[in-house]
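Numbering (my numbering), first residue to last: 83 to 419. C-beta: ideal position from N, C-alpha, C; glycine also.
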Amino acid sequence: MKYVQLGRTGLKCAAVSFGGIPIQRSDGANTKAVVDALEHFGMNYIDTARGYTVSEEYLGAALEGRREKFILATKSMSRDYAGMKRDIGISLGNLRTDYIDVYQIHNLPLKDFEQVFGPEGAYRALAKAKAEGRIGHIGATAHSVDALKLLVEEYSDRIETVMFPYNIVENQGEEILGLARAKGMGTIAMKPLAGGNLDDWKLALRYVAAAPCIDISIPGMGSVEEVERNAAAAEELSPLTERELEQCEAVRRELGTRFCRRCGYCAPCTVGIDIPSSFLMVNYLRKYDLADWARTRYEGMAHHAGECVGCGACESRCPYELPIREMLQGVAAQFGY
């Protein structure tokens, strides 16, 4: 297993590590088997979240007696001091530990920065927990380039790690991630398999590992077989050949006409639909076998794909010329509204 330092945190992490979204469709016995496999292969960084339903609880039970062998990361959607303080306590209890190595502000959009970093914001709760030794390092995750850019350019003194989508077809954050690394921030690639859209998992993981802007990737794993598969890929993290680079370009051509990169340029929708999140939820429905979770998340959105009025404003702004109206009709058909 190849290990890299996660920015200035000093944490030595497996280059290919564990993403915890799929574990929530599992059970306790399977989660223990997955963690057994992670330990066997030396995949020592475990990422989960308060929002991943039962994932923290399952992982906490599976980690009892071997907590020190792993680097634990979780995250919270709370934006205020009280909410983040509460969530840190819940995470510590769920994970059955007295400290969490990396605690992240989850899915931070531009509109929430003022609140999060304000005097009664979530960051103050994280800083206090760090001073008390309850968490080791503070990170943030984002899905828009603009939010990532602001994190790196203005908050690199407070945020130690950033997580952002990065894969063969989503490299829009490459320049900013490179700047983050130059500033000593740890860089973590979420969605290295593009939410399950990339079939050649070995090529996908090797592509991310070869990127000079990324420290580690966290593909989602819900079974021992997936751990074994990704561990095998981690043993072959050599530079890509010319032929493999051509394969990557072929994948971009294939998915580029119908694949949402979640750049956000389509916004704002005239009726308030969160277009990228709509596509993300239907992808979880189709690819991750997380039907109940995806439906709950989709139901909780303020507006749904079926509300599209077909104005086409989003399509005029999409840099990839996606047929967004048609794709939203597909989302509405999958969820029923």
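Could you please give me the residues that DSSP links to residue i through a beta bridge?
i      : result
Thr323 : DSSP lists no partner for Thr323.
Asp282 : Asp282 pairs with nothing; no bridge assigned.
Gly268 : Thr243
Asp129 : Gly101 and Ala155
Ala222 : Ile187 and Val244
Ile300 : Ile300 pairs with nothing; no bridge assigned.
Ile217 : Ile182
According to the Cβ coordinates, are residue i and residue j closer than 8 Å?
i      : j      : result
Ile270 : Met245 : yes
Trp283 : Ala315 : yes
Lys157 : Arg132 : yes
His225 : Pro247 : yes
Phe417 : Tyr380 : yes
Thr223 : Leu190 : yes
Ala155 : Thr113 : no
Asn253 : Ala286 : no
Ile172 : Ser137 : no
Tyr127 : Ile153 : yes
Leu120 : Val290 : no
By the three-class DSSP mapping on this structure, what secondary structure does residue i have?
i      : result
Asp162 : strand
Phe199 : coil
Lys94  : strand
Val306 : helix
Val184 : strand
His386 : coil
Ile355 : coil
Gly171 : helix
Asn249 : strand
Gly360 : It is worth fixing the name first, because residue 360 is Ser in this sequence and not Gly. Here Ser360 sits in helix by DSSP.
Tyr140 : helix
Gln87  : strand
Ser238 : coil
Cys400 : coil
Arg263 : helix
Lys273 : coil
Quick one: measure Cβ to Cβ for residue i and residue j, integer angstroms, because I've assumed they're closer than 8 Å.
i      : j      : result
Val306 : Val116 : 6 Å
Leu422 : Val251 : Residue 422 is absent from the model: the chain starts at 83 and stops at 419.
Ser238 : Lys265 : 5 Å
Gly277 : Leu362 : 7 Å
Cys396 : Cys342 : Between Cys342 and Cys396 the Cβ distance is about 11 Å, and since that is not below 8 Å, they are no contact.
Ala292 : Pro321 : 6 Å
Gly268 : Thr91  : 5 Å
Ile170 : Tyr185 : 6 Å
Using the Cα positions of residue i and residue j, report the straight-line distance between them to the nearest angstrom.
i      : j      : result
Tyr205 : Asp162 : 8 Å
Ala262 : Leu410 : 34 Å
Cys390 : Val353 : 7 Å
Glu318 : Ala97  : 11 Å
Val188 : Met159 : Note on residue identity: the sequence assigns His, not Val, to residue 188. The alpha-carbon atoms of His188 and Met159 are separated by roughly 5 Å.
Ser108 : Phe100 : 15 Å
Met407 : Gly175 : Looking at the sequence itself, residue 407 is Arg, so the reference to Met does not match. Answer to the nearest angstrom: the Cα atoms are 44 Å apart.
Phe195 : Ile258 : 18 Å
Gly147 : Asp118 : 12 Å
Ala209 : Asp356 : 31 Å
Gly221 : Arg149 : 20 Å
Gly165 : Arg377 : 25 Å
Ala414 : Arg240 : 40 Å
Met421 : Ala229 : Outside the modelled stretch of the chain, which goes from 83 to 419, sits residue 421, for which no answer is possible.
Glu256 : Ala207 : 30 Å
Is residue i close to chain C? Criterion is C-beta to C-beta, closer than 8 Å.
i      : result
Ser359 : The structure shown contains no chain C, having only a single protein chain.
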